[in-house]
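J.: With the first letter of the sequence shown counted as 1, position 149 gets the number 149 in my numbering; the numbers rise by one all the way through. Glycine included, each C-beta is placed from N, C-alpha and C at the ideal position.
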Amino acid sequence: MARRKKVYEGKAKTLYEGPEPGTLVQYFKDDATAFNAEKRDVIEGKGVLNNRLSEYFMTGLNNIGVPTHFIRRLNMREQLIRAVEIIPLEVIVRNFAAGSMAKRLGLEEGTQLPRPIIEFSYKNDDLGDPLVPEEYIIAFGWASQQDLDDIVALALRVNDFMSGLMLGVGIRLVDFKIEVGRVYDGDFMRLIVADEISPDSCRLWDIETGRKLDKDVFRRDLGDLADAYTEVARRLGVLPTNNGPVTKPTLIN
Ligand code: UDP
1 MARRKKVYEG KAKTLYEGPE PGTLVQYFKD DATAFNAEKR DVIEGKGVLN NRLSEYFMTG
61 LNNIGVPTHF IRRLNMREQL IRAVEIIPLE VIVRNFAAGS MAKRLGLEEG TQLPRPIIEF
121 SYKNDDLGDP LVPEEYIIAF GWASQQDLDD IVALALRVND FMSGLMLGVG IRLVDFKIEV
181 GRVYDGDFMR LIVADEISPD SCRLWDIETG RKLDKDVFRR DLGDLADAYT EVARRLGVLP
241 TNNGPVTKPT LIN
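1. If distances are taken between C-alpha atoms only, which option among Ala12, Val25 and Asp175 comes closest to arginine 3?
2. Could you say which of Ala102, Phe120 and Glu119 lies nearest to glutamine 112 if we only look at CA atoms?
3. Would you report the Cα separation of tryptophan 142 and glycine 60, rounded to the nearest angstrom?
4. Kindly indicate which three-state DSSP category methionine 189 falls into: helix, strand or coil?
5. Over what stretch of residues does the alpha helix (DSSP H) that includes lysine 276 continue unbroken?
6. Would valine 48 and phenylalanine 28 be called neighbours here (beta carbons separated by less than 9 Å)?
7. Serine 198 and asparagine 50: beta carbons closer than 9 Å?
8. Using a Cβ-based criterion (distance less than 8 Å to any ligand heavy atom), does glutamate 108 qualify as near the ligand UDP?
9. Tell me whether lysine 39 is buried or exposed, calling it buried when 16 or more other Cβ atoms sit within 10 Å of its Cβ.
10. Just list the residues that DSSP pairs alanine 194 with in beta bridges.
11. For valine 158, verify whether its CB is less than 8 Å away from any heavy atom of the ligand UDP.
12. Using the Cα positions of glutamate 196 and glutamate 179, report the straight-line distance between them to the nearest angstrom.
13. Looking only at C-alpha atoms, which of Thr14, Phe161 and Asp149 sits nearest to asparagine 63?
14. Give a yes or no on whether the C-beta atoms belonging to phenylalanine 218 and alanine 34 are separated by under 9 Å.
15. The ligand UDP and glutamate 38: does any heavy atom of the ligand fall closer than 8 Å to the residue's C-beta?
16. Is any non-hydrogen atom of the ligand UDP found closer than 8 Å to the C-beta of phenylalanine 96, if you look at the structure I gave you?
17. If you reduce the DSSP assignment to three classes, tell me which class arginine 3 lands in.
18. Can you say whether phenylalanine 188 is buried or exposed, counting buried as having 16 or more other CB atoms within 10 angstroms of its CB?
19. By DSSP, does lysine 39 sit in helix, in strand, or in coil?
In structure tokens, the structure reads:
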């Protein structure tokens, strides 16, 4: 089989050239990293679970009219996506204080916030993804004020969708991160959800017990990460079998 051209290799995923212009193949690896890759391990099956879970969330978002890069799942570890121009920001939405916010403000983890709070980090591993105010983003030209307004609207819709979905299976969506990309339809530019949505990029706590079902299990050595992700997939009815997409994929155009 001809080798595909690798376009980009990240910590948990690799991107290859897609079959048609404007598409890419996103491959989910089993590698887990934390603390800017200071802690690393290989968690067997993580890539398969995240491929499935990201497919599930992005398909749902596409179906309610929140545009994402997801086109369809190709196999256990790969999905076809739209190529986008990534905005170099990590868009973080928080419903409850945890992680870096809890630390920064001296809040107890799990404290409910008065409303969802959105913050931005500049995507740069060498700098450790520093938190940046909107003024930096606009001044340095990473995004315009209009882009930021659109990103906030997009992030809040993802938050409502994901919070409801998780609540339905007894899980609290504490916080999450998305990335946003630009696509061009002729002269018209749109912003769409890109990258992945999975327990690698969310904090998910069991509502009854508080059990952590996300990457904090790895970051904080709380047990078996694959078990935690499998539990999320099981509750949602998404399990890693190889008999086609879980739900009918919707082509976005
Ligand atoms: N997050 C992520 N990638 C990053 C940084 C954060 O996916 O590079 C997610 C993280 O999993 C959590 C949320 O964004 O769900 C908020 O993370 P936080 O700022 O608290 O940082 P952390 O405590 O994870 O270092």
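T.: The relevant details are as follows:
1. For the purposes of this step, residue 3 is taken as residue 3 along the sequence shown, with counting starting at 1. The option with the nearest alpha carbon to arginine 3 is Val25.
2. Here residue 112 corresponds to residue number 112 of the sequence shown, with the count starting at 1. Comparing Cα-Cα distances from glutamine 112 to each of Ala102, Phe120 and Glu119, the minimum goes to Ala102.
3. Residue 142 sits at position 142 when you count from the first residue of the sequence shown. Residue 60 sits at position 60 when you count from the first residue of the sequence shown. Rounded to the nearest angstrom, the two C-alpha atoms are 28 Å apart.
4. Within the sequence shown, residue 189 is the residue found at index 189, counting from 1. In the structure shown, methionine 189 sits in a strand (DSSP, three-state: E or B).
5. This structure leaves residue 276 out entirely; the chain is present only between 1 and 253.
6. Sequence index remark: in the sequence shown, residue 48 carries index 48 (1-based). Sequence index remark: in the sequence shown, residue 28 carries index 28 (1-based). Closer than 9 Å, so yes.
7. Here residue 198 refers to the residue found at position 198 of the sequence shown. Here residue 50 refers to the residue found at position 50 of the sequence shown. For serine 198 and asparagine 50, yes; Cβs fall inside 9 Å.
8. Locating residue 108 in the sequence shown gives position 108, counting from the first residue. Incorrect: glutamate 108 has no Cβ contact closer than 8 Å to the ligand UDP.
9. As a working mapping, residue 39 is identified with position 39 in the sequence shown. Answer is exposed; the Cβ neighbour count stays below 16.
10. Counted from its first residue, the sequence shown places residue 194 at position 194. Alanine 194 pairs with Glu179.
11. By 1-based counting over the sequence shown, the position of residue 158 is 158. Result no, Cβ not under 8 Å from the ligand UDP.
12. Looking up residue 196 in the sequence shown gives position 196. Looking up residue 179 in the sequence shown gives position 179. Approximately 8 Å, taken between the alpha carbons.
13. Walking along the sequence shown from the start, residue 63 turns up at place 63. Of the listed residues, the one whose Cα sits closest to asparagine 63 is Phe161.
14. Along the sequence shown, read from residue 1 onward, the residue named residue 218 stands at position 218. Along the sequence shown, read from residue 1 onward, the residue named residue 34 stands at position 34. Their beta carbons are under 9 Å apart, which means phenylalanine 218 touches alanine 34 by this criterion.
15. Within the sequence shown, residue 38 is the residue found at index 38, counting from 1. No.
16. In the sequence shown, counting from the first residue as 1, residue 96 sits at position 96. No; taking the cut-off as 8 Å, the Cβ of phenylalanine 96 has no heavy atom of the ligand UDP nearer than that.
17. Walking along the sequence shown from the start, residue 3 turns up at place 3. Three-state result, arginine 3: coil.
18. Numbered from its first residue, the sequence shown carries residue 188 at position 188. Label assigned to phenylalanine 188: exposed.
19. What you label residue 39 is simply residue 39 of the sequence shown in a count that begins at 1. Of the three classes helix, strand and coil, the one that applies to lysine 39 here is strand, per DSSP.
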